[in-house]
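So that you can map any letter, position 153 of the sequence shown is 794 in our numbering, and since no number is skipped, the others follow by simple counting.
Ideal Cβ positions, reconstructed from N, Cα and C, are used throughout, including at glycine.
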Amino acid sequence: MKEANRLKAQERMNDSNVYKAMEQTQRVMDDYYLDGILGLLPYGIGDILSALFALLYVWFAFVKIRSIPLALAIINNSLRDVLLGLIPFYIGDVIDFFHKANRENMQLVRGFVEGDKEVIRDVNRKAVQSALLIVLMIVLIIAMIVLLVSLTTWLIHLIGSLF
């Protein structure tokens, strides 16, 4: 991103209501652990609800910053958070309380707009990797949801057959 465009993007970012909403979302989801609490909802419902909050970051990256690589990195982080949260036997729920995907997304947005060369290089380098990982994570998330529903159904039948 050229310097003049970067300054315009910084100005748009700081004045944007969406940016302020992203900061509040990051604070509530990560600092107040709403992401972890939502993750306790069964069948991955909470993890999917948490991922919906990432749409703010994705929209901001696409529309305000106009960066496809940044949007891919944000989607990658968010899907990783969903996948980690879906790990069964409450392991994923515990991980959800410590994995701060919204904070990571906010740092990517800030670093990218402020011209942090390390963040920009990292985002650009990982753009193709992110696209491939996004497809893989979507497949894994669907598989985990099917597995969790099957496992829950099996456990209910097993417990029902005991009585």
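Item, Value
"Terminal residues of the alpha helix (DSSP H) in which residue 676 lies", "675-679"
"Per-residue DSSP class, three states only, for residue 692", "helix"
"Length of the line joining the Cα atoms of residue 703 and residue 733", "30 Å"
"Rounded distance between the beta-carbons of residue 718 and residue 742, thought under 8 Å", "5 Å"
"Sufficient close CB pairs (3 or more, under 8 Å) joining the stretch 711-731 to the stretch 777-786", "yes"
"Neighbourhood of residue 691 by C-beta distance below 6 Å, restricted to the same chain and skipping five residues each side", "676, 679"
"Alpha carbon of residue 701 to alpha carbon of residue 648, nearest angstrom", "16 Å"
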